[in-house]
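Q:
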Amino acid sequence: MVGQKKGKETEKSQSVNKKHPEEDYFEFLLRNKEYISFLNNILEGCQVIDDTWHYVFINETAARQGRHPQDFYIGHTMMELYPGIENTQFFKKLRVCMEKRIPQTIENEFIYPDGSRGWFELRVQPIPMGVFILSIEISKRKTLEIELEEDKRRLNTLLSNLPGVAYRCLNDDQWTMEYLSEGCLNLTGYPQDELIGNNATSFNNLIFPDDTAYVRDSIQAAIRANKPYTLEYRLFTKDGKLKWVWEQGRAVEKDAAGVYHLEGFITDISEQQQAKEELRRSETTSRLFIDHAPAALAMFDRDMRYILASERWKKDYSISEKSILGKKHYDIFPEITEETKEVHRQALSGRTICKEEDRFVRADGSVQWLKWETLPWYNLQQEIGGIVIMSEDVTKKKEAEFELIRSMARFQTLVEQIPAITYIAALDEKSTTLYISPQVEHYLGYSPDAYKSNPDIWLERLHPDDRDRVLQKTFGSISDHSPLISEYRMLSKDGNVVWFHDEASLVYDVDNQPMFLQGVMIDITEQKNSEQELERYIARVESLLEIEEAISSTLDLQEVLEFIVKEITKAVECDSISIQGLSSDTLNILTFHGKKPSVNDSDLVFQYESNFPTYQVAKGKTAITVTDMELEYPQYYEALSTKQVKIHSWFGTPLIYKGKSIGIITLGREKVDPFSKTELTMVSAIANHAVFAIENARLFNEANTRLERISSLRQIDLAISGSIDLEVVLNVLLDQVVSQLQVDAVDILLYNSKSQMLEYKVSRGFHGDQIKQSKVRIGQDYSGKAIMEQKPIFLPSLSSLNSPPPYQDLIQGENFVSFITVPLISKRNVVGVLEIFNRKTLVPDQEWRDFLETISGQAAIAIESVQLFNNLQRSSDALRYAYDATIEGWSMAMDLRDKETEGHTLRVTELTVNLAQKLGISENEIIHIRRGALLHDIGKLGVPDAILLKPENLTPEEWNLMRKHPQFAHDMLANIEYLRPALDIPYAHHEKWDGSGYPRGLKGEQIPLAARIFAVVDVWDALRSDRPYRQAWSTERTLDYILEQSGKHFDPKVVKAFIEMISYKHGNINP
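Quick note on my numbering: the sequence shown kicks off at 647 and runs consecutively.
Written out as structure tokens, the structure is:
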């Protein structure tokens, strides 16, 4: 039966006891064969699905739509036939109809098992048993819709990618836009929605005001003629820029209100408009150039028909624009030769042919000179379209050249007689010589023929330093059409410099165009030399004045010397300059410029030898010039060569001060190049001015040196008087020797009378320690001999000694050159020697020697004074030791007198010293405290033994006498000055802190600190010692007693320190 299900029956809800009436009716219809036949014959598909999603009924149309027989569906659920259907949007809408009883209309794309597709419109209605689905196939309609959408998409894509904007608008005053393609933004800067419907602005507002009427009139005329319209106009973009646009469109149907609609396309043509404008300008410029060019120009096609001709061409050939248009060149000028036509043919084949000067005979018999060029021109296909002929009439120029030649012939004889060079020069960048008179050979060594063969000789021989200036001036005169007047140097063929005064002017042709320069060159070498000599003289005078001012403003010798050398180097070219000072028999190089003679400064001293030119200059007080030192003074040359200097040409001038030679100035050149007279005069003048400044600076330096040496001696005196340490005094002295005498190293050896040897004491300036091992026996070596002879020994050059030098190993290791040893003698007693070593040759003057003698005497006095003081100190120490030994003897004697107190004095003395040190008392005071402790009971010598040694208790009278022993001690020691600082303990050690002591009843800090310290120690030792009348106390009991007496008998601060000291010594004791 139709509608019968295959598979299990769906269980019915227990809550439902009977069917709905409509459901019974619907089931009835499905059992009605006539109704079923009707459903099977309709064109739409019909399906009934119950509330368990089983197919209850499906007509034949629906089965055909599903491409299965009807019984394929009946009894099966949709989920069984179409797995996964429950997850589709289609099924969600079926569920809404099934569960919420809401009708649904669904367009659904159905995919068949073979992959083909079909579209269906499904109208789903709820029925009592489930849902009824009416399916109509709409595949054809859907395909048409999809194709239509694709067409729209392609159209939009096409419009979006067009270089412009497609539009549809109303034909109203504002051109109200109804549609705009995406190109709207790129063209106008406005998005589509801002222009459609005039939302932001109307399209009419974008049109340039001057073009508004043109746009409106053109469109309305096209509408009336029922034709498309094409426009070019300007419009503003959103950012205010102005663009040119091209628009094409037409009117379409009217709307209900009778208003036409316009549809069209607009694109940006700003670049094309700009290109057109530039092309117009270019064409105008080209035409102006062609018409105003100095050369005539004509353009022809391949048949030699005129295309264009410049104004100059038409003027030169007496033709008009009208007469040549469309005409052949050969028809207008039938006299053109076959030779010329051949040139044209070659140009049409691709060649370019030109000629600088070509002679033409015109029809009227006149001669015309032309400069011409014929070349092909090419069309856009790069094919030869014809030829271009350019020609320039040079007849006048040629006639001028002929006239020039004739003029030159007329004036050549005259020109060759004047004492100057005449010339004609081209107006090119090299100022090429066209003509030059024969006199040039006399002045420069080049013949006129040489100039013809090389027209650039003038530029090549122009002095390099003048070239740029002269060319710039020459071209400036040509440009300004002004006369040329200049002075410059030329180099002759043999290399000499020749000065010329050159005056030239332009020569013009009949058209007043400059053709060449014509001028005269006059030799002014002698005049220039005179001017330069005058300038040099003025410069010398100014330099001398500057030197005078500069060297007068300073008294620093080194500054003066350096300035003089600097000024000489300005005036004279040389390889070396020296200023040498004359001292005794030697010349000292004070300053040197150039290659130094040697790395060793000792080589800067030259012996004052008679066969040397330096000697002759200094001694003879006259300047000497040497052309070649190697030939004229071979010995001096050899001496210089050993000093690594190769001087050939040489000049020396003396420095004369008040008729006395004080030194020389020398100049040297390594090559043979004698100094000129001018150079010698300048150096001599500088020397004459410099000598006063040198001498003043030297005298000032000497005065400063004397002052410094006096100050140095004062410092040594202060050191001697202010110190008893011999090494300190000698170190100060050596520092002054090194600084004031400007030496490298110095030492002092002291005389040992026991060993008869000189032994090292102190030194300065030595690199190593070898000097500290020095020992010299009297009478041996140079220092030993100086002691014996009692005078200094000076060895200026250790390398020249015949016998081995002193300290040979030391001198070689330290590179010493000069040596001086001076005996140190005080009151005829030899105390040592002062030795000086120098790494360059010493050349001492008399003042230097005098200062050395003075400082040596001070050294001797200082050594002797310190030695005497040390001897006295030793005697004083011996006496002090004797006093201390006597005091200790007294204390031992007192201990022996009283057997009960034997050893007491030494014990309390040691403990008192320790306590004083703990309380921070100085060592000098502790010495007196120790002596006072040893003598604390010295007063008991005044107490009779009967009382002192009495075993019984003393009577009051005896106690009074016993208590006088501190006074006895004072009376005994007060007159002994050595022991007076030690009286505090013997006199006051029985005083008490609370004032109850004796003999004076002092209280608190009235009691001397030494006595307060001793009081504690004395009681400590007494209580801890056995006495006839009691046993010794224990440490704890004694400390308790001392603590109990703090502030009464004893000073609390002293007690505290004592307790700390005893606790440390005896271990932790609780007081």
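Where a beta carbon is used, it is the ideal one built from N, C-alpha and C, also for glycine.
Please read these numbers as outputs of a predicted model, since none were measured by experiment.
Starting from Met945, follow its DSSP beta bridges and name the residues at the other end.
A: Beta-bridge pairing links Met945 to Leu954, Val1034.
Q: Could you spell out the range, first to last residue, of the beta strand (DSSP E) harbouring Ser1151?
A: Segment 1143 to 1154, the beta strand (DSSP E) holding Ser1151.
Q: Nearest by alpha-carbon distance to Ile773: which of Glu745, Gly843, Thr734 is it?
A: The shortest C-alpha separation from Ile773 is found at Glu745.
Q: Going along the chain, which residues of its own chain have a beta-carbon closer than 7 Å to the beta-carbon of Asn1025, five neighbours each way excluded?
A: Excluding positions up to five away in sequence, the list reads Gly1031.
Q: Taking Tyr701 as part of the alpha helix (DSSP H), name the residues at either end of that continuous run.
A: Careful: Tyr701 lies outside any alpha helix (DSSP H), inside the beta strand (DSSP E) at 701 to 704.
Q: Compute the Euclidean distance between the alpha carbons of Tyr825 and Tyr875, then round it to the nearest angstrom.
A: Looking at the two C-alpha atoms, the distance is approximately 19 Å.
Q: Note down, in chain order, each residue of its chain lying with its Cβ closer than 8 Å to the Cβ of Asp818, except the 5 sequence neighbours on either side.
A: These residues qualify, in order along the chain: Val905.
Q: Starting from the C-beta of Ala1620, find all residues in its chain whose C-beta is less than 7 Å away, skip the five residues before and the five after it, and write them out in chain order.
A: Correct list, in chain order: Arg1626, Leu1629.
Q: What residue does the beta strand (DSSP E) around Gly996 start on, and which one ends it?
A: Run containing Gly996: none; DSSP gives neither H nor E here.
Q: Just to confirm the assignment, what range does the alpha helix (DSSP H) spanning Ala1391 have?
A: That residue, Ala1391, is in no alpha helix (DSSP H); its beta strand (DSSP E) goes 1391 to 1398.
Q: Taking the alpha-carbon of Leu1277 as reference, which of Ser1295, Tyr1261, Ser1151, Lys1418 has the nearest alpha-carbon?
A: Among Ser1295, Tyr1261, Ser1151, Lys1418, the Cα nearest to that of Leu1277 belongs to Ser1295.
Q: Between Ile1064 and Met1167, what straight-line distance do the alpha-carbon atoms span, to the nearest angstrom?
A: Looking at the two C-alpha atoms, the distance is approximately 11 Å.
Q: By a C-beta neighbour count over all protein chains shown, 10 Å radius and 16 as the cutoff for buried, is Gln1382 buried or exposed?
A: Classification for Gln1382: buried.
Q: The alpha helix (DSSP H) spanning Val1166 covers which residue range?
A: Element bounds for Val1166: not the alpha helix (DSSP H) but the beta strand (DSSP E), 1160 to 1169.
Q: Using the rule of at least 16 other Cβ atoms within 10 Å of the residue's Cβ for burial, across every protein chain shown, is Asp1114 buried or exposed?
A: Per the 10 Å Cβ criterion, exposed.
Q: Are the segment 1138 to 1151 and the segment 1029 to 1046 in contact at 8 Å, needing three or more beta carbon pairs?
A: Touching, no.
Q: Going residue by residue through the segment 1053 to 1121, where are the continuous alpha helix (DSSP H) segments of at least 4 residues, counting only ones entirely within it?
A: You should have 1085 to 1090, 1094 to 1099, 1103 to 1107.
Q: Pull up the CB-CB distance for His1616 and Tyr1633, whole angstroms please, since I reckon it's below 8 Å.
A: Yes, His1616 and Tyr1633 are in contact; Cβ-Cβ is about 5 Å, under 8 Å.
Q: For the structure I just gave you, are there three or more beta carbon pairs, one from the segment 1298 to 1310 and one from the segment 1264 to 1281, closer than 8 Å?
A: Touching, yes.
Q: State the start and end residues of the unbroken beta strand (DSSP E) segment that holds Gln771.
A: Unbroken beta strand (DSSP E) run through Gln771: 763 to 773.
Q: Round the Cβ separation of Ala1090 and Arg1107 to the nearest angstrom and send it over; I've been treating them as touching at under 8 Å.
A: Correcting the residue type first, residue 1090 is Leu in the shown sequence and not Ala. About 7 Å; that satisfies the 8 Å criterion.
Q: Which one or two residues does DSSP pair with Gln1386 in a beta bridge?
A: In DSSP, Gln1386 forms no bridge with anything.
Q: Alpha carbon to alpha carbon, how far is Ile1471 from Ala1432?
A: One C-alpha to the other measures close to 11 Å.
Q: What are the boundary residues of the alpha helix (DSSP H) that includes His1611?
A: Here the alpha helix (DSSP H) through His1611 covers 1611 to 1619.
Q: Please confirm if the segment 1598 to 1610 is in contact with the segment 1570 to 1578, defined as three or more CB-CB distances below 8 Å between the two stretches.
A: Short answer: they don't touch.
Q: Quick check: what's the CA-CA separation for Ser1465 versus Asn1398?
A: Position check: residue 1465 holds Phe in this sequence, whereas Ser was assumed. Straight-line Cα distance between these residues: approximately 23 Å.
Q: Count the other CB atoms, across all protein chains shown, that sit within 10 Å of the CB of Val1663; report buried if there are 16 or more and exposed otherwise.
A: Its Cβ being crowded by 16 or more others within 10 Å, Val1663 is buried.
Q: Would you identify the three-state DSSP class for Pro1259, choosing helix, strand or coil?
A: Looking at Pro1259 - three-state DSSP - the assignment turns out to be helix.
Q: Please go through the same chain and pick out, in chain order, the residues whose beta-carbon is closer than 7 Å to the beta-carbon of Thr1684, but skip the five residues on each side of it.
A: These residues qualify, in order along the chain: Trp1666, Leu1669, Arg1670.
Q: Just to confirm my understanding: we take Asn686, look at its own chain, exclude 5 residues before and 5 after, and list those with CB closer than 7 Å. What are they?
A: Cβ within range, chain order: Asn705, Glu706.
Q: Which residues does DSSP list as the beta-bridge partners of Asp1004?
A: According to DSSP, which records beta bridges pairwise, Asp1004 is partnered with Leu1016.
Q: Please determine if the segment 1311 to 1318 and the segment 1209 to 1229 are in contact, where contact requires at least 3 C-beta pairs separated by less than 8 Å.
A: Result yes; three or more Cβ-Cβ pairs closer than 8 Å.
Q: Do you know how far the Cα of Leu888 is from the Cα of Glu1045?
A: Looking at the two C-alpha atoms, the distance is approximately 60 Å.
Q: From Glu1003 to Trp1018, what does the alpha carbon distance come to, in whole angstroms?
A: Whole-angstrom Cα-Cα distance: 8 Å.
Q: Let me know the secondary structure DSSP gives Pro1627 once reduced to three states.
A: In this structure, Pro1627 counts as helix in the three-state DSSP scheme.
Q: Given a cut-off of 8 Å on the beta-carbon distance, is the pair Ile782 and Glu893 in contact?
A: Against a cut-off of 8 Å, the Cβ pair of Glu893 and Ile782 comes out as no contact.
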